[in-house]
Amino acid sequence: MALQLRRKTHESVIYIDRDSAPRIMPSGEDFILEDLPIGTRVLYPNPPLKGLPNREAAIRYALNHPHGCDPLFAQLEPGMKVTIAVDDISLPLPPMATPDIRQTILEIVLDMLAGHGVDDVHIIIANSLHRKMTPWEMKRMVGARIYDEFYPDRYYNHDAEWSDGMIKIGETRHKEPLNLNRRAAESDLLIYANINLVPMDGGHKSVAVGLCDYVSLRAHHEPQTIRDSDSYMDPARSELNNKCVRLGKLVDEHVNVFHIETAINNRMYKGDMDFLLKNEDDFTAFDRMKFEAMRYAMSKLPRQARRKLLHSRPAQYEMTACHAGKTDPVHEKIIAKGFEQYAIPVRGQCDILITGIPDISPYNVYSILNPLLVQVMALGYHFNFYRNKPLLKKGGVLIVQHPCYDEFDHNFHPSYIEFFNRLLPETRDSFVLREKYEQEFANNPSYVEMYRRGNAYHGAHPFFMWYWGENGRQHVGKVIVAGAENAHVPAMLGWERADNLTEAIAMARSYMGNSAEITMLHQPMIGIADME
Amino acid sequence: MALIYTDFFHYPKWVEYGILTTVPLARQVLANTDLYKNSVPDLGGSVAAAAFYDLEGTLVSTNLVHTLAFYAKNQPGLLSSLRKSTRTLLSLPVFAATDQYSRKVFNDLFFKSYKGQTEDRMRFFAKELFETILKPAIFPGAYELIEKARSLGLRQVVVTGALDLSVKPLVDHLGITDYVANHLEFVNGVATGRLLPPVLAAATKASWIRQFAEREGINLSDSYAYSDSMSDLPMLSVVGHPAAVNPDMRLRQAALHHDWPILNLK
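Taken in sequence, the protein lines are chains V and Y. The opening position of the first sequence corresponds to residue 0 in numbering that gives the first Met the number 0, with each subsequent residue numbered one higher. The opening position of the second sequence corresponds to residue 0 in numbering that gives the first Met the number 0, with each subsequent residue numbered one higher.
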């Protein structure tokens, strides 16, 4: 089996041998070099697909050749009420270099609307229960021209706690309630502009989740749904996706939605940091120099400065596809394009899965990757990056490389702090947490007010983050944190700790056996292990 | 009332705790009035938790000085108004300095400025004070915060060091029935410049909350408290869900240290 596994099967699948170079691993804001055991399989992100040479033209073409409905211009009438909803700052990651794709879409759509006498236009950020974006972030996302014209009266964040701003749409046949943003739901036309970074994004989730309230979200952001999703990065086997589709059908019965979806490649870094996406065996002297220079510079900076530096590096994503029209056919095409970029054919599960956690997640843009977010990146996102079956065998060991510092952002994640310090010592059972505490946090007036008037994630959001790791938690036998700078954070999360990766691998082997198959996800990567 | 007096308003105990330095002159007045009974109505029912709010700086942007300045401006006679207003203006640095030092010292000094003002005049202008000064100063988020807390069935209680005369119309406007405030001492209808004890500030607010909770069957662990000032740290510390609202620098640091939510209602 081992020999069969070690045959080179794909350009993104590398096996460590006697002559292999050490691998670069992210560990929070740091990047470390680690020698991996011989035979370790390393999954790299696929090479970036070529971006579309003229994205404005691609967007215009999509608007004029939609799937399942009339072209956008044919749906416009003077005096009609139009709302444009856009994804929030959680997409893409890190925030992309300007102009953002959303800016390009908006410029084209707004020109078209103005040309057809449509003046009643609002732009709503579909942040759901995520934090509201700051004015600076909003300006960066859509450009100064649109911002100056629309902000703040006609360009704003969705407010899931504004009861007058929400409207009840109805229930699915499974009794899942749906309340939506009133302005969006009562518009003659709702245009949704999406960026699809991972297969979980887009589709019916955009409107039914992005513009809903806590009551609606509670029906599907819950532990059983996550347990039943295998994985939630695989729409065909995701119960979360099934529920979103049911809600989406309900949306389509009441709201005229014109969906614009875009796929992007995975060119996260370019230029001075592009070596992070390369196989270390293929490093040039210049690549090694860049890495050493970065490592030296970072080692001289305090953690906050390192964090700020990393967050100031915009991603160099390029648009690879754009489709518009009815949600289902559009999403189907974008998902197919996404898998073209992300799917890495992998044969055979592993006993030990290693992943470094970089300081990149949808929930800590310009902020701290706190312990709960480390948990969601490890057991949620990284574990779930598979199709067909998990990369890690049932009962296997997940090794996470991260300092696990006990730091939280008081402005963005206030309810996370209470969740971590008050609830986790009592129980880590998702079902108990949901039944006993979720609504208390969701209704805490302080958290509601910080969500509404500040930039805080909703009071219930840390629960969703915990549930997000539920299928990973049920699947793995043990999680070991390598490089954890303290003992209490791993203990609170129910994990073991090791001083470094070598020690973590030794601990994992003592559990899984010396012949355990080891696989490492070469982070930062956006890729789906397409299991045979 | 007698029970409350012996247990909570027993001044020697406050002297012993260092909260008061002397037994106030007006203790007999307090013992025979129903001021506090009115401010803590017995609603009955089975409310399990409450939300306690400081007022000035927390729900409204004004502070005690705004009220003083308003009354100084509305003296009988132009010269008197001018004289009082000037004195208030000149006193501002002293007020600021003493407030940093001790809220008790500040109160002793600050409320002396009301000496000589007549009660009927102050009551007469209370409505105008509310309409022109206090109502426009209510933070937009205050309505939402109160509404959310009310929807949870939390009993709404304002605990403030401001004067009862100015607080009443404000809490009525906010739909809050339970409140406790400071009371000026009047002799023959004229303010003496002293407050009727116990003076609500710092630790006395926390003590009042404990008493109130015990009397009304409120679980403080499930209760909330909101304040903007470091002087209200005791009040915030007695409940299970404290929050700093538009906090000053010292309270912000304390809130960060204790991992309390920090709200901005502006």
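Even glycine gets a Cβ: it sits at the ideal position worked out from N, Cα and C.
Where the beta strand (DSSP E) through residue i begins and ends
i, result
"Tyr14 of chain V", "12-14"
"Asn181 of chain Y", "177-186"
"Ser228 of chain Y", "It is not in any beta strand (DSSP E) - Ser228 of chain Y carries neither H nor E in the DSSP assignment."
"Ala192 of chain V", "188-195"
"Glu42 of chain V", "Per the sequence shown, residue 42 of chain V should be read as Leu rather than Glu. Where Leu42 of chain V is concerned, the enclosing beta strand (DSSP E) stretches over 40-42."
"Met165 of chain V", "165-170"
"Lys80 of chain V", "80-85"
"Phe51 of chain Y", "49-52"
"Leu88 of chain Y", "Where Leu88 of chain Y is concerned, there is no enclosing beta strand (DSSP E), although the alpha helix (DSSP H) it sits in stretches over 77-100."
"Phe257 of chain V", "256-263"
"Asn442 of chain V", "Asn442 of chain V -> not in any beta strand (DSSP E); alpha helix (DSSP H) instead, spanning 438-442."
Same chain, Cβ closer than 7 angstroms to residue i, five either side skipped, listed in chain order
i, result
"Asn37 of chain Y", "With a pLDDT of 38 at Asn37 of chain Y, under the threshold of 50, the modelled position of that residue is not reliable, and the figure given next carries that caveat. Excluding sequence neighbours, Asn37 of chain Y sits near nothing in its chain."
"Ala253 of chain Y", "Met229, Leu232"
"Gly239 of chain Y", "Leu219, Ser220, Asp221, Ser222"
"Gly188 of chain Y", "Thr117, Glu118, Asp119"
"His65 of chain Y", "Ile132"
"Pro402 of chain V", "Ser26, Gly27, Gly482, Ala483, Glu484"
"Tyr535 of chain V", "Residue 535 of chain V lies beyond the range of chain V shown here (0 to 531); nothing can be said about it."
Chain-order list of residues whose beta-carbon lies under 6 angstroms from that of residue i (same chain, five-residue window excluded)
i, result
"Leu24 of chain Y", "Because the pLDDT of Leu24 of chain Y is 38, which lies under 50, any placement of that residue in the model is unreliable, and the number read from its coordinates should be weighed accordingly. For Leu24 of chain Y, where only same-chain residues beyond five positions count, there are no Cβ hits under 6 angstroms."
"Asp258 of chain Y", "none"
"Tyr154 of chain V", "Ile122"
"Gln27 of chain Y", "With a pLDDT of only 36 at Gln27 of chain Y, under the threshold of 50, the placement of this residue in the model should not be trusted; the figure read from the coordinates follows. Around Gln27 of chain Y: no qualifying Cβ."
"Val141 of chain V", "Gln102, Leu105"
"Arg236 of chain V", "Asp229"
"Leu108 of chain Y", "Thr97"
Test item: CB-CB of residue i and residue j under 8 angstroms
i, j, result
"Phe257 of chain V", "Gln74 of chain V", "yes"
"Leu105 of chain V", "Leu216 of chain V", "no"
"Ile83 of chain V", "Val120 of chain V", "yes"
"Leu189 of chain V", "Val214 of chain V", "no"
"Arg59 of chain V", "Ile107 of chain V", "yes"
"Val237 of chain Y", "Tyr225 of chain Y", "no"
"Asp187 of chain V", "Met79 of chain V", "yes"
"His157 of chain V", "Asn178 of chain V", "no"
"Ala200 of chain Y", "Lys114 of chain Y", "no"
"Phe110 of chain Y", "Leu194 of chain Y", "yes"
"Glu540 of chain V", "Pro198 of chain V", "Beyond the ends of chain V as shown, which are 0 and 531, falls residue 540 of chain V; an answer cannot be given."
"Ile208 of chain Y", "Met234 of chain Y", "yes"
"Phe411 of chain V", "Ser366 of chain V", "yes"
"Ile88 of chain V", "Val364 of chain V", "yes"
"Ala205 of chain Y", "Leu63 of chain Y", "no"
"Leu71 of chain V", "Thr171 of chain V", "no"
Beta-carbon contacts of residue i that lie in its chain and below 8 angstroms, excluding the five residues immediately before and after
i, result
"Val59 of chain Y", "Leu133, Ala136, Ile137, Phe138, Ala141, Leu169"
"Asp200 of chain V", "Asp86, Leu90, Asn193, Ile194"
"Val166 of chain Y", "Leu54, Val157, Thr159, Tyr178, Ala180"
"Ile595 of chain V", "Only positions 0 to 531 of chain V appear in the structure, and residue 595 of chain V is not among them; the question remains open."
"Phe30 of chain V", "Ile23, Met24, Leu275, Phe290, Met293, Arg294, Met297"
"Asp271 of chain V", "Lys289, Met293"
"Leu250 of chain Y", "Ser226, Asp227, Ser228, Met229, Asp231, Leu232, Ala243"
"Pro21 of chain V", "Leu32, Glu33, Asp34, Leu35, Glu279"
"Arg17 of chain V", "Ile37"
Residue i: first and last residue of the uninterrupted alpha helix (DSSP H) it sits in
i, result
"Gly114 of chain V", "100-114"
"Tyr348 of chain Y", "As shown, chain Y starts at 0 and ends at 265. That puts residue 348 of chain Y outside it, with no answer to give."
"Ala184 of chain V", "181-184"
"Ser165 of chain Y", "163-173"
"Leu249 of chain V", "238-253"
"Gln303 of chain V", "302-310"
Chain-ordered residues of the segment 235-258 of chain Y with a beta carbon less than 9 angstroms from chain V | Contact annotation: in the segment 235-258 of chain Y, residues whose CB is within less than 9 angstroms of a CB in chain V are His240, Pro241, Ala242, Val244, Ala254, Leu255, Asp258.
Give the residues from the segment 197-218 of chain Y that approach chain V closer than 7 angstroms (Cβ to any Cβ), ordered along the chain.
-> none
With 7 angstroms as the limit, tell me which residues of the segment 134-156 of chain Y have their beta carbon closer than that to any beta carbon of chain V; keep them in chain order.
-> Gly140, Glu143, Leu144, Lys147, Ala148, Leu151
Flag this pair as touching only if the segment 335-346 of chain V and the segment 368-376 of chain V have three or more C-beta atom pairs under 8 angstroms; answer yes or no.
-> Proximity of the segment 335-346 of chain V to the segment 368-376 of chain V falls short of the contact definition, fewer than three beta-carbon pairs being nearer than 8 angstroms.
Members of the segment 430-456 of chain V near chain Y, C-beta cut-off 7 angstroms = Asn442, Asn443, Pro444, Ser445, Tyr446, Val447, Glu448, Met449, Arg451, Arg452, Gly453
How about the segment 445-463 of chain V and the segment 123-137 of chain V: do they share at least three Cβ pairs that are nearer than 8 angstroms?
-> yes
Mind listing which residues of the segment 353-373 of chain V have their C-beta closer than 8 angstroms to chain Y's C-betas, in chain order?
-> none
Just checking, does the segment 223-235 of chain V make contact with the segment 7-19 of chain V on the three C-beta pairs under 8 angstroms criterion?
-> no
Any residues in the segment 67-98 of chain Y with a beta carbon nearer than 8 angstroms to a beta carbon of chain V? Which ones, in chain order?
-> Within the segment 67-98 of chain Y, no residue qualifies.
On the three-pair Cβ rule with 8 angstroms, is the segment 37-46 of chain V touching the segment 510-524 of chain V?
-> yes
Short-range partners of chain Y found in the segment 131-151 of chain V, where Cβ spacing is below 9 angstroms | none
Residues from the segment 399-419 of chain V in contact with chain Y, defined by Cβ distance under 9 angstroms | Phe407, His409, Asn410, Pro413, Ser414, Ile416, Glu417
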